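Below you'll find the structure, written out as structure tokens, and then a few comments.
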Amino acid sequence: MTPDGLRPAAVHVHDGVIDDITDHDAIPSGTTLVDAGSDVVAPGLVDVHVHVNEPGRTEWEGFASATRAAAAGGVTTLLDMPLNSVPPTTAVAALDHKRRAAEGRCHIDVGFWGGAVPGNVDDLHDLHRAGVFGFKAFLADSGVDEFAHVTGEQLEQAMSRLADLGALTAVHAEAAGVIADAAAVWATGDPGAYATYLASRPDEAEWDAVAQVAAIAHRTGGRAHVLHLSSASALAPLRAAADDGVALTAETCPHYLALDAGLIPDGATAFKCAPPIRDLANRDRLWAALADGTLRLVASDHSPCPPELKALDTGDFRRAWGGIASLQLALAVTWTHAQARGVTCEDVIGWMSTAPAELVGLHRKGALAPGNDADLLIWDPDPMWVVDASALEHRHPVTPYQGMPVRGRVTATYLRGRAVYASGAIVGPATGRLLSREARGG
Ligand SMILES: [Zn+2]
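Numbering-wise (this note's numbering), the sequence shown opens with residue 475 and increments by one.
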């Protein structure tokens, strides 16, 4: 899968870097040849939204298990979110702490987001200089006490600072006020019913927050990115911002593209995430927004926890941790639904590799092109298989995709020219690097 499209080709790799892409008959004699047969050879996936949770909540997930899952899923670079780890990545000392925890444990390349929280505006510059790829902020409760959400005013203050640095601000865009207004449904609704949870996080929360982020990006001139967009109602303010020339992008996630609120069984807390999975008509509009470019990319928002915190035994949506574990399945889940809709695999790889690499300035990732890292996904898009959570590499065998049929198998994953996953197994040792944001053009 070259930048010009899918065609028979040979990818030449030297010292971990792509040298050239040629026809098969231009392979020099004496070359070590890996024949991918009729599989697709694509750039390794770049997942810019992963919660690794180490240090501090390593029992939820960790660098070793998360990057094994990533490698098995064809992901060669991930960006770790600043929260759920303790300490959260809101100051340079915390970033250093996290880097020490990750060192030597990663099977793929890993970079880091910083966090923008109330009171750390003066840390943003140093975190930026220390190499984070951007800053995440929440406009609603983050789910963990140590990572507070910002008000619109605080977000504007942080984004003004980040605009001066040319740094990207990524926002969890649900409006706290709208969610607070909807909170009464927990008192009257059945806490085991998915419909109760869905009603507690209405479309208006996303619409309102995306409109706020667009207005702040407009006023500050900063670059903003809306994380995990679920509600199609929020596409309108995104499109309006694009028409006004505001630097605002957005991602969605495999679960919003694949799942249907109407089919989520009551008590099935593995499906709980925020914002929530919505109905079929909403899902169709998200696919249309990917096709027309309103949504730029697909990221997993992998956010696992131990099974007991998912309240699987009681099925109580009020108590369950909100987060979906899907790092290893993101491609299979997205492709299954893309293929059924007649979407090409070039589009899917574009959303899951090229566009995310561009968003965060990973200039050597996201495309099979000379000079780029030889990060390769070798993939058979055809076979159907059934998800078995216990066979996945992430730490706990919980995922909403358990038992679901999906399409497409990762045959092998290469990181800088070396296999890190092949024939159904991780190939050690952990040679992933810890990445820092590159200067523009660097
Ligand atoms: Zn997240």
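Idealized CB from N, CA, C, for every residue including glycine. The structure presented is a predicted model; accordingly, all values stated were derived computationally and were not measured.
Residue i vs residue j beta-carbon contact at 9 Å
i, j, result
"ARG697", "THR768", "no"
"HIS811", "ALA732", "yes"
"LEU801", "VAL645", "no"
"ALA483", "VAL515", "yes"
"SER674", "GLY666", "no"
"ARG573", "PHE586", "yes"
"ALA691", "LEU722", "yes"
"ALA744", "LYS784", "yes"
"ALA565", "ASN527", "no"
"LYS839", "VAL520", "yes"
"PHE612", "ALA622", "yes"
"TRP809", "ARG757", "no"
"VAL875", "LEU764", "In the sequence under discussion, the amino acid at residue 875 is Tyr, which differs from the Val named in the question. Going by C-beta atoms, TYR875 is not nearer than 9 Å to LEU764."
"HIS581", "GLY902", "yes"
"PRO517", "ASP821", "no"
"GLY504", "PRO556", "no"
"TYR730", "LEU760", "yes"
"ILE495", "ALA724", "no"
Reduced DSSP category for residue i - H, G, I as helix; E, B as strand; rest coil
i, result
"GLU820", "helix"
"ILE501", "coil"
"ARG542", "helix"
"ILE653", "helix"
"TRP809", "helix"
"GLY588", "strand"
"TYR875", "coil"
"HIS488", "strand"
"GLY906", "coil"
"ASP677", "helix"
"VAL932", "Nothing about residue 932 can be read from this structure; the chain reaches only from 475 to 916."
"PRO844", "coil"
"ARG892", "strand"
"PRO529", "coil"
"HIS646", "strand"
"ALA881", "Note that residue 881 is Arg in the sequence shown here, rather than Ala. In this structure, ARG881 counts as strand in the three-state DSSP scheme."
"ASP521", "strand"
"VAL861", "coil"
"GLY915", "Note on GLY915: pLDDT 41, under 50, position unreliable in the model; the coordinate value appears next. If DSSP states are grouped into helix, strand and coil, GLY915 belongs with coil."
"ALA683", "helix"
"VAL901", "coil"
"ASP787", "coil"
"THR551", "strand"
"GLY479", "strand"
"PRO778", "coil"
Counted within 10 angstroms of its Cβ, other Cβ atoms place residue i as buried (16 or more) or exposed
i, result
"GLY824", "buried"
"ASP583", "buried"
"MET858", "exposed"
"SER539", "buried"
"LEU507", "exposed"
"ILE501", "exposed"
"ASP847", "buried"
"ALA814", "exposed"
"ASP766", "exposed"
"SER512", "exposed"
"ILE492", "buried"
"ASP597", "buried"
"SER864", "exposed"
"HIS870", "buried"
"THR625", "exposed"
"GLU630", "buried"
Among the options, the one whose alpha carbon lies nearest that of residue i
i, options, result
"ASP717", "ALA688, ASP740, GLY736", "ALA688"
"ARG531", "ALA735, PRO739, VAL880, VAL618", "VAL618"
"ASP830", "ALA904, PRO750, CYS727", "Note that residue 830 is Pro in the sequence shown, not Asp. Out of ALA904, PRO750, CYS727, CYS727 has the C-alpha closest to the C-alpha of PRO830."
"GLY547", "ARG911, PRO903, SER634, SER897", "SER897"
"PHE537", "ARG911, GLU912, SER910, ALA904", "ALA904"
"VAL884", "TRP853, PRO780, LEU712", "TRP853"
"ILE900", "THR887, MET878, HIS488", "THR887"
"GLU620", "ALA604, GLN628, VAL591, ALA748", "VAL591"
"THR551", "ALA841, GLY797, ALA806", "ALA841"
"SER777", "LEU851, GLY797, ALA649", "GLY797"
"LEU701", "TRP681, ALA637, LEU636, ALA714", "TRP681"
"GLY719", "HIS602, PRO739, THR694, ARG542", "THR694"
"ALA604", "ALA641, SER634, TYR671", "ALA641"
"LEU909", "ASP494, LEU629, LEU866, VAL834", "VAL834"
"ASP655", "GLY626, ALA679, SER634", "ALA679"
"LEU754", "SER704, LEU712, ALA799, GLY741", "SER704"
"ASP677", "HIS699, ALA650, ALA661", "ALA650"
"GLY578", "HIS599, THR541, ASP554, ALA567", "THR541"
"ASP615", "TRP795, GLY906, ALA799", "TRP795"
"ASP600", "GLN628, ASP570, ALA576", "ASP570"
beta-carbon residue i near ligand 2 non-hydrogen atom, thresh 8 Å
i, result
"LEU731", "Questions concerning ligand 2 fall outside what the structure shown contains, since the ligands it does hold are ligand 1."
Which complete beta strand (DSSP E) runs does the stretch 579 to 625 hold, if anything under 3 residues is left out? 583 to 586, 609 to 612
Which runs of the beta strand (DSSP E) fall wholly inside the stretch 696 to 775 and span at least 3 residues, in chain order? 697 to 700, 722 to 726
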